[in-house]
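Following: one structure in structure tokens, then a few remarks.
Number of protein chains: 2
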Amino acid sequence: MSDSSNLQATQRSTIRRIPKRGSREIELIYSILDEALVAHVGFISNNQPVVIPMAYGREGDRLYLHGSPVSRLLKTLERGVDVCFTVTILDALVVARSLFHHSMNYRSVVLFGKATLLDSEGEKMKALKAFTEHMIPGRWQDARIPSDRELKGTTVLSLPIDEGSAKVRTGQPQDDPQDYSLPIWAGELPLKLTAGVPIPDTQLIPEIEIPQNLVNYHRGA
Amino acid sequence: MSDSSNLQATQRSTIRRIPKRGSREIELIYSILDEALVAHVGFISNNQPVVIPMAYGREGDRLYLHGSPVSRLLKTLERGVDVCFTVTILDALVVARSLFHHSMNYRSVVLFGKATLLDSEGEKMKALKAFTEHMIPGRWQDARIPSDRELKGTTVLSLPIDEGSAKVRTGQPQDDPQDYSLPIWAGELPLKLTAGVPIPDTQLIPEIEIPQNLVNYHRGA
Chain V
1 MSDSSNLQAT QRSTIRRIPK RGSREIELIY SILDEALVAH VGFISNNQPV VIPMAYGREG
61 DRLYLHGSPV SRLLKTLERG VDVCFTVTIL DALVVARSLF HHSMNYRSVV LFGKATLLDS
121 EGEKMKALKA FTEHMIPGRW QDARIPSDRE LKGTTVLSLP IDEGSAKVRT GQPQDDPQDY
181 SLPIWAGELP LKLTAGVPIP DTQLIPEIEI PQNLVNYHRG A
Chain G
1001 MSDSSNLQAT QRSTIRRIPK RGSREIELIY SILDEALVAH VGFISNNQPV VIPMAYGREG
1061 DRLYLHGSPV SRLLKTLERG VDVCFTVTIL DALVVARSLF HHSMNYRSVV LFGKATLLDS
1121 EGEKMKALKA FTEHMIPGRW QDARIPSDRE LKGTTVLSLP IDEGSAKVRT GQPQDDPQDY
1181 SLPIWAGELP LKLTAGVPIP DTQLIPEIEI PQNLVNYHRG A
């Protein structure tokens, strides 16, 4: 990946529907991965598809996966089964004159690959830093770092970012030509994941200020 | 489903990790399905897991699926392959004193089942109404209804809501006892998908007001 600005084209990652919305440009893929907070990770368990929300972090061309269902996932992944890693950021509702042409503006990434278990504590520490900085940039400096016991008890998966694509829809509705004269409102309703006021833990010791990276929290550029 | 307030327990829908966060209560499951906007639908294609974001609607104990990748999905689903339908609503970042205990508050639903193609135009019309009202309550009255031609050209899948579960995390971080005395801020940072100011289509005919269901748009109760 490091010597290329695009992901490779493969059969399973080819965008069949509305291919003009697809992209393999790596900077776009990274920007979507860095802005989203939760991935939906699909794998096959007992011949059934299973899709689980997971937290993740990125470091260069690797993703680190971490999440509560890791025990079930690990039983599968240790045997080397493929995963599909998908993130979606919703940007707007697309409101058309016809019900049929209602849509959404979004940015999504779908990646394919084999996830592997991290085994060294050094790698796990790097992965935990990637999780933390993905969720709250700067938090790594602000909180207690993981102990040896915590690292030993942590299971983290690593997935290469080398096969997949982004898909993006932007802009106005696309109504049928004869509908543009209808007296019906049409346009976009922007949507954004926004942070509210931080809620202090009830057991917080006195006189600790809310960190600036939480006061000014936002996703994306 | 109609005579029960809980989904059935099955092997593949059993929550293995932190089962106290799990629920099969149907009203909770419906409330999460109705608030989320995008589902991540997993299926098996050429022995690989594939996870695709899709729009959806609910009518009673059925989901209707609709989305751009429908052509690839249909090739698989027409053969009766199982899907896993997952939605996740992110409610807060959980900020702990230790990096290890950082987490997220969320509400998710994972459903399993076989999706089937709708074939009658009457069913498709009901499904399109469910999509529209899921996305923007009241919009069905405000825009041009689908034509016969549009209904014929639409592919919609139906999935029963009868196997699966919800999972919910709420509340404060759970730090280790000895960390509560550390001078580190901890608590929750609430997150919510919020709507901005509607952007009119550049070809909108004059003097059409923005509908109230877009001015006051929000998800959830």
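Protein sequences, first through last, are from chains V and G. Under my numbering, the very last position in the first sequence is 221; numbers go up by exactly one each time. Under my numbering, the very last position in the second sequence is 1221; numbers go up by exactly one each time. The beta-carbon is built from N, C-alpha and C at its ideal position, and this holds for glycine as well. Computed from a prediction, not measured in an experiment: that's the story for all the values here.
Comparing alpha carbon positions, the residue from G:Asp1142, G:His1102, G:Glu1150, G:Gly1113 closest to Ser1120 of chain G is G:Glu1150. When C-alpha distances from Ser23 of chain V are compared across V:Lys129, V:Ser165, V:Val41, V:Met125, the shortest belongs to V:Ser165. At a cut-off of 8 Å between beta carbons, Ala96 of chain V contacts chain G.
According to the DSSP assignment, Phe100 of chain V belongs to no alpha helix (DSSP H), since it is labelled neither H nor E. Of the residues G:Gly1138, G:Glu1188, G:Asn1216, the one whose Cα lies closest to the Cα of Val215 of chain V is G:Glu1188. Listed along chain G, the residues sitting closer than 9 Å to Tyr106 of chain V by beta-carbon distance are Val1038, Pro1053.
Approximately 7 Å separates the beta-carbon atoms of Leu1111 of chain G and Glu1163 of chain G; this is inside 8 Å, confirming the contact. Each residue's CA atom was taken as its position, placing Gln178 of chain V and Arg1097 of chain G some 60 Å apart.
Residue-level contact by beta carbon fails for Leu1007 of chain G and chain V, as no gap is shorter than 8 Å. Interface with chain V (8 Å Cβ-Cβ cutoff): Ile1161 of chain G is excluded.
When beta bridges are read from the DSSP output, Met54 of chain V appears opposite V:Ala39.
Close partners of His102 of chain V in chain G (Cβ separation under 7 Å): Thr1132, Met1135. At a cut-off of 8 Å between beta carbons, Thr1010 of chain G makes no contact with chain V. Apart from sequence neighbours up to five positions away, the residues of its chain that approach Thr1010 of chain G with a beta-carbon distance below 7 Å are Glu1163, ordered along the chain.
With a threshold of 16 other beta carbon atoms within 10 Å, Leu93 of chain V meets it and is buried. Cβ contact annotation for Pro49 of chain V (same chain, cutoff 7 Å, sequence separation greater than five): Gly42, in chain order. A distance below 8 Å separates the beta carbons of Val1156 of chain G and His1066 of chain G. Look at Ala195 of chain V: its C-beta is under 8 Å from a C-beta on chain G. Here Glu1025 of chain G carries a strand assignment [DSSP, helix/strand/coil].
What Glu150 of chain V touches in chain G, judged by beta-carbon distance under 7 Å, is Phe1100, going in chain order. Counted as a single uninterrupted DSSP element, the stretch harbouring Gly187 of chain V is not any alpha helix (DSSP H) but the beta strand (DSSP E) occupying residues 187-195.
Going by C-alpha positions, Thr170 of chain V is about 11 Å away from Pro190 of chain V. Beta-bridge pairing by DSSP links Pro1200 of chain G to V:Gly187.
Among the residues facing chain G, Glu123 of chain V is not included, as its CB has no counterpart in that chain under 8 Å away. Cα atoms of Arg1012 of chain G and Pro211 of chain V: separation of roughly 42 Å, rounded to the nearest angstrom. For Pro1160 of chain G, the CB contacts under 7 Å within the same chain, skipping 5 residues up- and downstream, are Asp1061, Arg1062, Gly1113 in chain order.
Checking the DSSP bridge columns, you'll see Arg1144 of chain G partnered with V:Ser98. Pairing Phe1085 of chain G with Ala1039 of chain G gives a Cβ-Cβ distance under 8 Å. Closer than 8 Å to the CB of Arg1024 of chain G there is not a single CB belonging to chain V.
Any Cβ of chain V closer than 8 Å to the Cβ of Asn1216 of chain G would place that residue at the interface, and such an atom is absent. Beta-bridge analysis with DSSP links Arg1062 of chain G to G:Glu1059, G:Pro1160. Under the Cβ criterion of 8 Å, Gln1172 of chain G is counted among the residues facing chain V. By the rule that beta-carbons nearer than 8 Å mark a contact, Pro198 of chain V touches chain G. In this structure, the beta-carbon distance from Ile1044 of chain G to Ile44 of chain V falls below 8 Å. Within chain G, no residue has its CB atom less than 9 Å from the CB of Lys114 of chain V, the nearest being about 11 Å off.
Look at Pro1049 of chain G here: in three-state DSSP terms it is strand.
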